[in-house]
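Chemist:
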Amino acid sequence: MNTTVTQIPSYITRWFEQLQPLAIEEAVPGPSRAGVFSADMIAGFLTTGNLASERVGRLAQPVAALFHRAYEHGIRNFVLFQDTHHSQTPEFEAFPPHAVQGTQESETIPELRSLPFSDIFTIIQKNSLHPALGTGFDNWLDEHRQVDTAIVVGNCTDLCVYHLAMHLRLRANALNYHHYQVIVPANAVDTFDIPEEVAEQSGSLAHTGDFFHQVFLYHMALNGIRVIRELT
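Structure representation (structure tokens):
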């Protein structure tokens with residue numbers, strides 16, 4: 000029996016399996032009013048270091064493809080949030096050291112860095128899971144008031160992606176920004192997996208990737224975020 004699947008409430012699994020793709024032309028009728036916001040598409044989570052995983056690493060191609068599709072459609076706002084940690088950050092009390100400032104782990108993955116339009120990326124370095132605490136993100140949003148469609152991609156679904164999408168949604172709610180939409184394509188976000196037996200051996204906490212991926216996508220949807228299967 001697949002215990003990973005049976006741990007997820009059946010109504011969430013049904014919802015997840017019924018997600019539909021969405022054409023970018025329908026999602027973003029006005030490209031100048033849209034932005035792509037990515038969380039932690041860096042080497043430290045995809046290819047190298049204590050927190051890199053093969054599962055998250057598989058995001059490189061779909062995220063790069065989404066960036067390319069968005070650019071072709073006319074979107075020019077690309078904001079990349081990237082862990083760039085102080086070597087003594089308190090976050091390392093919860094997670095193993097990762098993405099320390101000045102190391103390869105804090106660098107943008109080559110699949111994005113090599114895109115021919117990468118020179119227009121806005122990179123926002125962060126020292127926590129949250130995109131706006133101790134960063135200039137809210138200033139960027141104030142300077143780009145025309146952006147009312149936010150496409151969120153990256154990792155991890157239940158950590159930095161969740162905080163990014165929820166900050167965009169809750170900020171728009173708080174400021175009474177009507178018609179503001181946050182879109183999360185499920186194929187362009189993911190989280191890591193630590194099986195229970197591995198956690199017991201390492202002394203860490205188990206983290207069932209499928210469970211947290213689906214449950215946190217569902218929770219985002221409960222809060223008014225538009226979760227889709229993929230952006231085509």
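Numbering of the sequence shown is given in numbering that gives the first Met the number 0, commencing with residue 0 and proceeding in unit increments.
Even for Gly, the Cβ is constructed at its ideal location relative to N, Cα and C.
Please read all numbers here as calculations on a predicted model, not as lab measurements.
1) When you measure from the CB of I7 to every non-hydrogen atom of the ligand ZN, does any distance come out below 8 Å?
2) Using 8 Å as the cut-off, can you tell me whether the stretch 124-138 makes contact with the stretch 52-60, which would need three or more C-beta pairs spanning the two stretches below that distance?
3) Are C155 and A38 closer than 9 Å when you measure CB to CB?
4) Counting C-beta neighbours from all protein chains within 10 Å, is the total for S9 16 or more, i.e. buried, or is it exposed?
5) Going straight from the alpha carbon of R75 to that of P30, what length do you get?
6) By the DSSP assignment, the beta strand (DSSP E) with D82 in it spans what residues?
7) Between which residues of its own chain and F232 is the CB-CB distance below 6 Å, once the five residues before and five after are set aside?
8) Please report the straight-line C-alpha distance between R228 and L140, rounded to a whole angstrom.
9) Would you kindly work out how many angstroms separate the C-alpha atoms of G223 and P89, rounded to a whole number?
10) Mind checking whether L204 and P20 have CB atoms under 9 Å apart?
11) Do Q124 and D82 have their C-beta atoms within less than 9 Å of each other?
12) Within a Cβ cutoff of 8 Å, which residues of the same chain sit near N1, ignoring the five residues on either side of it in sequence?
13) Go ahead and label H162 buried or exposed: buried means 16 or more other beta carbons lie within 10 angstroms of its beta carbon, across all protein chains shown.
14) Pick helix, strand or coil for R112, following the three-state DSSP scheme.
15) Rank C159, F15, P115 and D157 by C-alpha distance to the C-alpha of F66 and give the top, closest one.
16) Go through its chain and collect everything with a Cβ distance to A149's Cβ below 6 Å, but skip five positions before and after it.
17) Which residue from R32, T47, V55 and S86 puts its Cα closest to that of Y70?
18) Just verifying my parser: in three-state terms, what is the DSSP assignment at L221?
19) Exposed or buried, which one is E104 when buried takes at least 16 other CB atoms within 10 Å?
20) Starting from the Cα of T212, find the closest Cα among A185, T46, E92 and I41 and give me that residue.
21) Leaving out the 5 sequence neighbours to the left and right, which residues in its chain are closer than 8 Å to T5 when beta-carbon positions are compared?
22) For Q100, collect the residues of the same chain with a Cβ closer than 8 Å to its Cβ; drop the 5 residues on either side in sequence, then sort them by chain order.
23) Roughly how many whole angstroms lie between the Cα atoms of A198 and G43?
24) Give the list of continuous beta strand (DSSP E) stretches no shorter than 3 residues that lie fully inside the stretch 155-230.
25) Give me the Cα-Cα distance between G153 and R13, rounded to the nearest whole angstrom.
Modeler: Here's the rundown:
1) With respect to small molecules bound, the structure shown includes none, and the ligand ZN cannot be examined in it.
2) Judged by Cβ distances under 8 Å, the stretch 124-138 makes no contact with the stretch 52-60, as fewer than three pairs qualify.
3) yes
4) Exposed.
5) Those two C-alpha atoms are separated by around 8 Å.
6) D82 -> beta strand (DSSP E) spans N76 to D82.
7) The first residue shown for the chain is 0 and the last is 231, placing residue 232 beyond what the model contains.
8) 26 Å
9) 32 Å
10) no
11) yes
12) Confidence is the limiting factor: at N1 the pLDDT is only 40, short of 50, which leaves the residue's position unreliable, though a coordinate-based value still follows. Closer than 8 Å at Cβ, skipping near neighbours: no residue.
13) buried
14) helix
15) P115
16) G34, F36, L167 and V181
17) The residue with the shortest Cα to Cα distance from Y70 is R32.
18) helix
19) buried
20) Looking at the sequence provided, one finds His at residue 212 rather than Thr. The candidate whose alpha carbon is nearest that of H212 is A185.
21) Since pLDDT at T5 reaches only 49, below the 50 mark, its modelled position is unreliable, and the value read off the structure follows with that caveat. Closer than 8 Å at Cβ, skipping near neighbours: no residue.
22) T83, H84, H85, S86 and Q124
23) 20 Å
24) 180-184 and 225-227
25) 23 Å
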